[in-house]
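Numbered according to the UniProt record's numbering, the sequence shown spans residues 1 to 560. We put the beta carbon where it would ideally sit given N, CA and C, even for glycine.
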Amino acid sequence: MAAAAGLGVGSAAGVGAAAGVGTTRAGDAGAATGLGVGSAPGDGAAAGVGMCAGAAAGLGVGSAAGAGAISTGANIVNDTTATYLKNCLPAFDALLLWGSASQLRQLLAEPITPGLPLPALVAARMFLQHAELQGPLVSTAASHAAASADALSSHVRHVMDLEPIVGSEMYTARSTGIVVEDTLRLFAKHLPGLMRIHMDRNVADTSGATIKSLRPDYLCWVNGALVLKGEEKAQSAQLEDAIQELTTKMSIAWAPGLVPGKRPPCMLAFAAAGTMLQFFCIQPPESDGDGGAQATPISNALDLNTSVGRLGALTASCNIWRLLAGYASHAPTVPLEYGFISRSPDGLRNCCLLQGFVRKSIANFATKQAPFASFELLKDVYTKMAKVTHRRHIIQVYNIAGHAGPQLVDDVYIVHLAPVGVPNRGPPADLHALAHAVSGVLHGLAALHSEGFVHRDVRWPNVIFLPAEGRWLLIDLEHAGLNDCDCSAAPYPLHFWGQRTLDGGKYTFRSDLRMVAEQLMCGAMKLDKGGEDLRQQLLSGRLTAAAALEHEWLVGSAAE
Numbered sequence: 001m002a003a004a005a006g007l008g009v010g011s012a013a014g015v016g017a018a019a020g021v022g023t024t025r026a027g028d029a030g031a032a033t034g035l036g037v038g039s040a041p042g043d044g045a046a047a048g049v050g051m052c053a054g055a056a057a058g059l060g061v062g063s064a065a066g067a068g069a070i071s072t073g074a075n076i077v078n079d080t081t082a083t084y085l086k087n088c089l090p091a092f093d094a095l096l097l098w099g100s101a102s103q104l105r106q107l108l109a110e111p112i113t114p115g116l117p118l119p120a121l122v123a124a125r126m127f128l129q130h131a132e133l134q135g136p137l138v139s140t141a142a143s144h145a146a147a148s149a150d151a152l153s154s155h156v157r158h159v160m161d162l163e164p165i166v167g168s169e170m171y172t173a174r175s176t177g178i179v180v181e182d183t184l185r186l187f188a189k190h191l192p193g194l195m196r197i198h199m200d201r202n203v204a205d206t207s208g209a210t211i212k213s214l215r216p217d218y219l220c221w222v223n224g225a226l227v228l229k230g231e232e233k234a235q236s237a238q239l240e241d242a243i244q245e246l247t248t249k250m251s252i253a254w255a256p257g258l259v260p261g262k263r264p265p266c267m268l269a270f271a272a273a274g275t276m277l278q279f280f281c282i283q284p285p286e287s288d289g290d291g292g293a294q295a296t297p298i299s300n301a302l303d304l305n306t307s308v309g310r311l312g313a314l315t316a317s318c319n320i321w322r323l324l325a326g327y328a329s330h331a332p333t334v335p336l337e338y339g340f341i342s343r344s345p346d347g348l349r350n351c352c353l354l355q356g357f358v359r360k361s362i363a364n365f366a367t368k369q370a371p372f373a374s375f376e377l378l379k380d381v382y383t384k385m386a387k388v389t390h391r392r393h394i395i396q397v398y399n400i401a402g403h404a405g406p407q408l409v410d411d412v413y414i415v416h417l418a419p420v421g422v423p424n425r426g427p428p429a430d431l432h433a434l435a436h437a438v439s440g441v442l443h444g445l446a447a448l449h450s451e452g453f454v455h456r457d458v459r460w461p462n463v464i465f466l467p468a469e470g471r472w473l474l475i476d477l478e479h480a481g482l483n484d485c486d487c488s489a490a491p492y493p494l495h496f497w498g499q500r501t502l503d504g505g506k507y508t509f510r511s512d513l514r515m516v517a518e519q520l521m522c523g524a525m526k527l528d529k530g531g532e533d534l535r536q537q538l539l540s541g542r543l544t545a546a547a548a549l550e551h552e553w554l555v556g557s558a559a560e
């Protein structure tokens, strides 16, 4: 539930309270949508930094992350948030996410030095009420460095003046969004280049690509690894329920097999319920798979209704950034992100990598997909491809909750698929790997053809690579059809068909093999003599898929 601008820190945090106004927490609770964005009423000048009271626009604080400059009397001072953050948030050691829970607990509680800046009037009020806040927080009146870190001090005020609303999961998400998510987004904006980080939330999705019971409420990826997630419940009494869900939804940073030879780090997580927030680490299982995960607390349960609880949560969020920055400095790049939803430009086709499988959905199936392949035909294709003789050679349906095979729900087509592999955008780097890839695709086509089906969309985006096994697999059967089907009229041709694809207006087994030659064996990579011979035979229609697998170019390359 991030803000529309994606930063969640809007102008709401304010520069400071004008004397006598804006000192109540309710005034800064955030936008009505519960995103913690928008403009807080009554923002004025922060006493102690020489600012004249006036409208927010006159103070240069209109945008969240941002305010480019603030007025200090006659001088204009640039916002030094980036410099302040570099000084107070040095990265932790790169290997700490492979460390112990007790060590992570100590790190999350480590005080931020120098302390986080808080607008002077707010600081004066809070320090009188809670003397223990002084030190971890510093007044903008205390130093020029604190006074000029405008975006940071605005955000710290927004967190410290937060008044949680209770009653729904949306309200809980609003609180964690301000304290955790917006904090990380602010840091990412002002410290770009430290890591490839992005975040998302689980929201209602009519396409069917998201299942609330399988995808965390909050997700944060660094270099493609799911390193931070959160679960949120409406009432404080439900904290144990949120903790339980931490171990049942995506409890490992990346899907097994995607990064061979690398052990995933532990996953950081939070459970939130009502006003309560607690941080955890989830150690990866000893063997591949997501079973047996345990969530170990690395903070106390923090009550966001108290200033001490809010400071503890803010400090933990700051130190999570430091852990992620350290991890990113040596982290592998994960090619497929757990929980990320990939959407087609029209928003009708979605794919999401969940725990052990990919969930694929197509909305408006009757008008968008059925003209190419009926639901009954697709069920038949996947059923026959599930035969023991075919399973290794082509994508398979994944059995979830006792149901294996495509589903059609309210005109949304849904299918769960396995194994999980790396998508391709083009050919591999060398001829040897290309031969392996072509062999993998031909095995898939041979399976389809043996049951009387054709693929009709053979191209690199419909081929995945399985790194742990070193092999390629044909996927995306949603345009499959019967051999010798008439494709001479609308809605055909498909976009990637060539002039030679059809046989007299019909799509045949030979058409699939021509697509192999035209889509997979043509491009920047120059084929050797054997590869060119195979390509020409595929174009001519002289080979079947099974016969092509016996070609010397594939056998000679030791392709599977």
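Whole angstroms are fine: how far does the CA of His198 sit from the CA of Arg342? Inspection of the sequence shows that residue 342 is occupied by Ser rather than by Arg. Ser342 and His198: Cα-Cα distance of roughly 14 Å.
Please state whether the Cβ-Cβ distance between Leu277 and Leu304 is less than 8 Å. yes
Taking the straight line between their C-alpha atoms, what separation do you get for Lys262 and Gln134? 43 Å
Using beta-carbon positions only, say whether Gly481 and Ala373 come within less than 8 Å of one another. yes
Bridge-paired residues (DSSP) for Ser307: DSSP lists no partner for Ser307.
Is it the case that the segment 105-118 contacts the segment 178-188, given that we only count it when at least three CB pairs across the two stretches are under 8 Å? no
At which residues does the beta strand (DSSP E) containing Met199 begin and terminate? Ile197 to Arg201
Helix, strand or coil for Trp254? Go by DSSP, reduced to three states. coil
Nearest CA to the CA of Leu89: which residue from Thr113, Met385 and Gly99? Thr113
Tell me the start and end of each unbroken beta strand (DSSP E) in the segment 111-141 that is at least 3 residues and wholly inside, in chain order. 116-118 and 137-139
What runs of the alpha helix (DSSP H), each 4 residues or longer, lie entirely inside the segment 222-285? 239-246
When you compare each of Ala82, Ser251, Leu128 and Leu311 to Asp161 by their alpha carbons, which one comes out closest? Leu311
With distances taken from CA atoms, which of Leu448, Phe453, Gly504 and Val458 is nearest Ala437? Val458
For Ala234 and chain D, any beta-carbon pair shorter than 8 Å? Chain labels in this structure do not include chain D; a single protein chain is all it has.
In the DSSP assignment, find the unbroken alpha helix (DSSP H) run with Lys387 in it and report its ends. That residue, Lys387, is in no alpha helix (DSSP H); it is neither H nor E in DSSP.
Among His416, Leu466 and Lys233, whose alpha-carbon lies nearest the alpha-carbon of Ala401? His416
Runs of alpha helix (DSSP H) lying entirely within the segment 453-525, each at least 4 residues, in chain order: 509-515
Assign Gly470 to buried or exposed, taking buried as 16 or more other Cβ atoms, counted over all protein chains shown, within 10 Å of its Cβ. exposed
Would you check if the distance between the CB atom of Thr140 and the CB atom of Ala131 is smaller than 8 Å? no
Which residues share a DSSP beta bridge with His144? DSSP output for His144 lists no bridge partner at all.
By Cβ distance, which residues of its chain are closer than 8 Å to Leu96, with the 5 residues on each side in sequence left out? Gln103, Leu104, Leu107, Leu323, Gly326 and Tyr327
What residues match up with His416 in a beta bridge as DSSP calls it? Arg359
Is the separation between the beta-carbon of Val397 and that of Tyr382 shorter than 8 Å? yes
If I'm right that residue 568 touches Leu85 with Cβ under 8 Å, what's the distance once you round it to whole angstroms? There is simply no residue 568 to check, as the chain begins at 1 and stops at 560 in what is shown.
Per DSSP, which one or two residues make a beta bridge with Tyr218? Arg201 and Gly230
Using alpha carbons as the reference points, say which of Phe365, Glu451 and Lys368 lies closest to Ala386. Glu451
DSSP bridge partner residues for Gln407 (one or two, in chain order): Ile414
Give the DSSP bridge partners of Cys318, in chain order. In the DSSP output, where bridge partners are listed per residue, Cys318 has none listed.
Determine which residues share a DSSP beta bridge with Ser342 and list them. Cys351
How is Thr544 classed by DSSP in three states: helix, strand or coil? coil
Taking C-alpha atoms, which residue in Ile252, Ser511 and Ala313 lies nearest to Gln294? Ile252
Starting from the Cα of Arg349, find the closest Cα among Asp476, Asp486 and His495 and give me that residue. Asp476
Using the three-state DSSP reduction, which class does Ile76 fall into: helix, strand or coil? Any reading at Ile76 needs caution, since the residue's pLDDT is 47, under 50, leaving its predicted position unreliable; the model's value is listed next. Here Ile76 sits in strand by DSSP.
Let's see if you can read the secondary structure: which residues bound the alpha helix (DSSP H) around Ala94? That residue, Ala94, is in no alpha helix (DSSP H); it is neither H nor E in DSSP.
Beta carbon of Val334, beta carbon of Val259: below 8 Å? yes
Give the DSSP-derived three-state secondary structure of Ile298 in the structure shown. coil
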